[in-house]
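See structure below.
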Amino acid sequence: MAVTYPLLDAGRKALSGLSLKAVALDLALANIEAEDGRVYLDVYRGEKISKAVFSAIEIHSMSVAEQSIIIWPDDPYDFPVFWCNLTQMPGMSFFIFDFMPVMDIVVWPEYGEKYLLGLVEMKANALEKLGDGVAEKHFDLSSLAGWAFSPYRTLFRLTEDGVTRIDPVIQEYGQAYVKLWQEAVPVLQAEEAAFCRRKKAAVRKIMAENDPGHPLMLGVFGEEKTEKVFEIVF
């Protein structure tokens, strides 16, 4: 029986306006099967987009399943990194949505006004759509990867029923991101362009080095395959 990933399917629908083109992956990496787990990877590229990665990771012995979508803007563009993640485990599920900034919003406050303020309304809408499916709406990440997030990130703990309600939330976030992408123009100022490249590299590094799933994957899939997966995603 084919394995389905509802979050990834919802994300493809929400982000269809990006006109992404599939990137061929080695079949040994696109679908990794191990005795205690599975990895699924789907990679795309497009105009203004360096890569978009749709991934799913399952650890059978711990009953942990993660689905995520991450979109990296190409140079010389500074629109945010799209990040959507659903991690499910016995008794709890965590839902993350963010437009991660690739500029400093204190040095360039106009960047935050342009790209991040809309997240405030979208988070409020998400709470309304999910209703009592949200078990907890205010908690902090212990991982340093959270340092890359925007101040207005959505980070909820969901009930099982809440997980079934996320599609309209994904549609709103995805369509908003498509609009930002459509309006994005190249960064022309040398100082800003240089900082943007540095910030993108730093976001990749801090997320890859502090992903809480990395130790689990090493134990199930081995070092070589785990590192190759991380190279593809980040």
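For the sequence shown, the positions run 5 to 238 when my numbering is used.
Cβ coordinates follow ideal geometry from the N, Cα and C atoms, glycine included.
Model, not experiment: these values are computed from the prediction.
query, result
"From the beta carbon of Val43, is the nearest beta carbon of chain B less than 7 Å away?", "Included in the structure is just one protein chain, with no chain B present."
"How long is the line joining the alpha carbons of Val27 and Arg157, rounded to whole angstroms?", "29 Å"
"Given that a residue counts as buried once 16 or more other Cβ atoms are within 10 Å of its Cβ, and exposed if not, what is Lys209?", "exposed"
"Give the list of continuous beta strand (DSSP E) stretches no shorter than 3 residues that lie fully inside the segment 124-163.", "138-140 and 158-162"
"In whole angstroms, what is the alpha-carbon distance linking Ile236 and Val57?", "8 Å"
"If I measure Cβ to Cβ from Phe86 and keep anything under 6 Å in the same chain, skipping five residues before and after, which residues do I get?", "Ile75 and Tyr181"
"Look at the alpha carbon of Ile63 and the alpha carbon of Ala194, and state the distance between them as a whole number of angstroms.", "45 Å"
"Quick one: what does DSSP say Gly185 is sitting in, helix, strand or coil?", "The sequence given here has Trp at residue 185, not Gly. Trp185 falls in the helix class under three-state DSSP."
"Could you pull out every residue in the same chain whose Cβ sits closer than 8 Å to the Cβ of Ile53, ignoring the five residues on either side in sequence?", "Leu22, Leu24, Ile75, Trp76, Pro77, Asp78 and Trp185"
"Measuring CA to CA, which of Gly178, Ala32, Val124 and Pro216 is closest to Leu148?", "Pro216"
"Within a Cβ cutoff of 8 Å, which residues of the same chain sit near Val191, ignoring the five residues on either side of it in sequence?", "Pro80, Tyr81, Asp82, Ala197 and Cys200"
"From Tyr9, Leu29, Leu162 and Asp13, pick the residue whose C-alpha is nearest to that of Val233; which is it?", "Leu29"
"Which value, in whole angstroms, describes the spacing of the CA atoms of Leu19 and Gln175?", "8 Å"
"Going by DSSP in three states, Asp82 sits in which element: helix, strand or coil?", "coil"
"Anyone know if the C-beta pair for Gly150 and Ile73 falls short of 7 Å?", "no"
"From Met107 to Leu121, what does the alpha carbon distance come to, in whole angstroms?", "14 Å"
"What first and last residue would you give for the alpha helix (DSSP H) that runs through Ala197?", "Ala194 to Glu213"
"By the 10 Å Cβ neighbour count, where 16 or more other Cβ atoms means buried, how is Ser59 classified, buried or exposed?", "buried"
"Tell me which residue opens and which closes the alpha helix (DSSP H) that Tyr119 is part of.", "Pro113 to Tyr119"
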